[in-house]
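Under my numbering, think of the first position of the sequence shown as 5, with each following residue one higher.
Every residue gets a Cβ at the ideal spot worked out from N, C-alpha and C, and that includes glycine.
These figures come from a predicted structure and were not determined experimentally.
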Amino acid sequence: MRRQSPADLQWSDVTPKSFFLNRRALIAGAAGMAIAVPAAAKLDYVTSPLSTDEKPNSLEDITSYNNFYEFGTGKGDPSAYAPALTTDPWSVKVDGLVGRPGSYDLADLLSGIPLEERIYRFRCVEAWAMVVPWIGLPLGKMLEKFGVQPGAKYVAFETLVRPDEMRGQKSPILDWPYREGLRLDEAMHPLTILATGLYGEDLPNQNGAPLRLVVPWKYGFKSIKSIVRITLSDSQPETTWNMLQPSEYGFYANVNPEVDHPRWSQATERHIGAGLFAGREPTRMFNGYADQVAGLYSGQDLARDF
Ligand code: MTE
């Protein structure tokens with residue numbers, strides 16, 4: 005089913021809704037359902053070779069069990085309240101150490117960047133795991149558009165502040181806006197993507213529409229949703245969970261079974277959708293991506309730089 009990408013499909017090739025519909029039919033077809041598979045199922049040809057072979061979670065799991073504190077702290081709050089967020093029009097402010105700063109409309113940000121679809125195992129710090137068939141593009145490809153200056157060492161991201169539509173922002177549970185950051189080499193790694201969709205559709209609001217980060221070798225809190233600002237800087241940016249509780253949440257947040265969270269073990273994880281009686285499974289170093297990313301941290305003490 006998974007084929008390697010031959011493709012340099014442009015974003016504009018897949019915007020028509022008909023492709024998404026074809027894609028859905030194809031997924032249903034692959035699942036053994038009696039639905040005719042149309043010929044023009046183009047998206048199937050752009051699955052990233054970086055994808056995992058693991059079975060994706062159901063759309064229901066992926067869109068109903070979420071963390072998005074702007075809408076409340078319960079796992080069901082994002083699906084209940086995120087539909088209130090207006091995601092069109094959407095622009096992203098790009099600033100800091102870039103040659104082409106400015107406020108970019110979402111369509112301009114995405115234009116000219118080849119689309120890739122990737123499937124990632126996605127594990128959150130609460131030690132649950134999900135596999136999501138993201139549609140996204142390498143963050144590095146987008147950063148190249150901005151003309152990253154030689155002095156830049158980090159990338160910072162911010163989510164929007166709009167308490168009228170994000171009811172959780174009416175209380176100070178976090179220091180809004182939600183903030184995250186990566187070292188530049190992490191940001192440029194091909195596994196780091198900006199997702200704009202999942203399961204062949206635009207991103208549901210609860211999953212971070214219209215643009216969210218996905219860094220599959222890190223705990224889920226690094227994958228910031230509904231991004232409105234990207235800043236290149238020469239110093240390590242402040243990040244939401246690290247600001248809140250630095251002893252528990254480090255800047256790196258690499259998935260690491262050997263370094264426990266002070267209040268719980270990270271050695272095992274629970275797979276959402278595996279059923280009530282399924283056992284926990286061992287957490288994998290760098291979430292299973294050690295071959296690809298361990299080299300980014302050579303010489304670093306990962307117990308200190310957690
Ligand atoms: N981004 C924003 N803006 N606000 C949040 O509360 N939660 C993070 C991350 N991105 C969060 C966020 C956490 S803790 C996790 S585990 C993931 O989003 C959850 O992503 P998912 O709901 O798509 O599984």
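Query	Result
Pull up the DSSP beta-bridge partners for residue 258, would you.	222
In angstroms with no decimal places, state the Cα-to-Cα distance between residue 155 and residue 79.	40 Å
Output the distance between the C-alpha atoms of residue 238 and residue 252, rounded to the nearest integer angstrom.	25 Å
Short of 6 Å in beta carbon distance, which residues of its chain neighbour residue 172, apart from the five on each side in sequence? Order them along the chain.	73, 74, 75 and 76
Three or more beta-carbon pairs under 8 Å between the stretch 103-118 and the stretch 176-183, yes or no?	no
CA-CA distance, residue 257 and residue 226?	7 Å
According to DSSP, is residue 72 part of a helix, a strand, or is it coil?	coil
Give a single yes or no on whether residue 317 has its beta carbon closer than 8 Å to a heavy atom of ligand 1.	Coverage of the chain is limited to positions 5 through 310, which leaves residue 317 absent and any answer about it impossible.
Mapping DSSP to helix, strand and coil, what is residue 148?	helix
Considering Cα atoms alone, identify which of 166, 197 and 185 is closest to residue 144.	197
Assign residue 303 to one of two classes, buried (16 or more other C-beta atoms within 10 Å of its C-beta) or exposed (fewer than that).	exposed
Taking 8 Å as the cut-off, is the CB of residue 134 close to at least one heavy atom of ligand 1?	yes
Would you check whether ligand 1 has a heavy atom nearer than 8 Å to the C-beta of residue 107?	no
Under 8 Å from any heavy atom of ligand 1, does the C-beta of residue 205 make it?	no
Reducing DSSP to helix, strand and coil, say where residue 134 ends up.	strand
Count the CB pairs spanning the stretch 196-212 and the stretch 92-108 that are closer than 8 Å, and state whether there are at least three.	no
Which residues bound the beta strand (DSSP E) around residue 253?	Residue 253 -> no beta strand (DSSP E), and no H or E assigned at all.
Nearer than 8 Å: is that true of the beta carbon of residue 151 relative to any heavy atom of ligand 1?	no
CB-CB under 7 Å to residue 243, same chain, minus the five flanking residues each way: which ones, in chain order?	183, 184, 185 and 255
Quick one: grab the DSSP three-state call for residue 195.	coil
Can you name the start and end residues of the alpha helix (DSSP H) that residue 111 belongs to?	110-114
For the alpha helix (DSSP H) holding residue 85, just list the boundary residues, first then last.	81-85
Taking the alpha carbon of residue 273 as the reference point, which residue from 204, 246 and 288 has its own alpha carbon closest?	288
Is the distance from the Cβ of residue 232 to the Cβ of residue 140 below 9 Å?	no
Could you give the C-beta distance for residue 235 and residue 100, rounded to a whole number, given that I count them as a contact under 8 Å?	4 Å
Report, in whole angstroms, the separation of the C-beta atoms of residue 61 and residue 135, which I expect to be a contact under 8 Å.	5 Å
For residue 160, report the span of its beta strand (DSSP E) as first-last.	158-163
Helix, strand or coil: how does DSSP classify residue 21 here?	Caution is warranted here: a pLDDT of 33 is assigned to residue 21, below 50, making its placement in the model unreliable, and no coordinate value can be reported.
By Cβ distance below 6 Å, which residues in the same chain neighbour residue 81 in space, the five residues on each side in sequence not counted?	75
Count the other C-beta atoms from every protein chain shown that fall within 10 angstroms of the C-beta of residue 26, then say buried if there are 16 or more, exposed otherwise.	Its pLDDT being 37, under 50, residue 26 is placed unreliably in this model, and the coordinates cannot settle the point.
Checking 9 Å against the spacing of the C-beta atoms, do residue 89 and residue 138 come in under that value?	no
From the DSSP output, in three-state form, read off residue 36 for me.	With a pLDDT of only 38 at residue 36, under the threshold of 50, the placement of this residue in the model should not be trusted, and no figure is reported.
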